[in-house]
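Let me begin by presenting the structure, written as structure tokens, before commenting on it.
Numbering (the UniProt record's numbering), first residue to last: 1 to 276.
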């Protein structure tokens with residue numbers, strides 16, 4: 001696995017505008033890897049290292065942007081020149097990241113209205129689809145199939161969204177979906193809307209993996225912890241799906257949960273508790 005300087009990695013992932021600013025962040029003790037503060041800008045770290053920043057430097061329209069940034073770092077996906085679909089767009093954090101990474105066009109879909117940031121609403125590359133229930137999306141409604149589907153949807157299980165999301169993606173497309181355990185578990189397993197038990201996290205991810213394998217034509221080819229928690233403090237995960245590829249096994253999902261819990265155990269977390 002390739003390695004590079006920590007300060008360069010911060011700039012590459014969009015956490016700082018320059019190496020000088022990245023070095024200042026590192027020196028101030030707000031950069032963590034696996035729960036441990038990093039103090040050397042020149043430290044050689046893995047290209048896919050899970051970073052946490054207690055204070056971020058770049059102002060995205062939504063701090064949820066850091067979730068997708070992590071997915072695009074962890075998964076081998078190029079956005080340049082592609083057409084994307086952002087489900088649960090809200091203020092547009094995921095949409096902005098796709099544009100920043102070179103997307104040719106992005107469909108910003110949300111069941112709500114009036115939330116998308118004005119600068120994105122005004123961008124000619126963004127097709128605003130408000131008051132739109134993603135469960136009923138089709139390639140006909142979009143006028144095309146898309147290269148990349150991303151989702152940060154709330155208050156709905158991915159089980160209900162996946163049939164439509166699969167339909168609108170190209171045969172060689174990619175899906176990066178944020179898994180929010182509190183919306184996958186069912187009310188009987190969630191206390192006060194927060195899932196904290198690692199064994200329950202494992203069960204939820206295993207069940208979703210089985211659903212994907214048995215009920216869709218997609219494969220779970222990658223997974224990584226989200227670098228920020230949800231608004232109530234829920235740990236979240238990112239799944240990478242494709243129509244081809246070997247599915248991750250149960251052991252990898254157990255490792256994923258352990259990684260996620262370790263990530264937040266001894267550090268402040270990247271903008272922890274912020275909403276998407």
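Even glycine gets a Cβ: it sits at the ideal position worked out from N, Cα and C.
- Assignment of beta-bridge partners to residue 175 by DSSP yields 149, 241.
- Shown here, residue 46 sits in a strand according to DSSP, grouped into three states.
- Following the DSSP letters along the chain, one finds residue 199 inside the alpha helix (DSSP H) bounded by residues 198-215.
- Annotation: residue 194 is outside any alpha helix (DSSP H) and is labelled neither H nor E by DSSP.
- Take the alpha-carbon of residue 51 and the one of residue 196: they are about 21 Å apart.
- Non-local C-beta neighbours of residue 43 in its own chain, meaning closer than 6 Å and more than five positions away in sequence, comprise 6, ordered along the chain.
- For residue 75, the secondary structure class from DSSP, reduced to helix, strand or coil, is coil.
- Contact between the region 136-155 and the region 167-179 is present, with at least three C-beta pairs closer than 8 Å.
- When secondary structure is reduced to three states using DSSP, residue 116 falls in the coil class, being assigned neither helix nor strand.
- In the structure shown, the three-state DSSP call for residue 181 is helix.
- Contact between residue 113 and residue 135 fails: their C-beta atoms lie close to 17 Å from each other, not under 8 Å.
- Put simply, the backbone Cα of residue 246 is about 17 Å away from that of residue 207.
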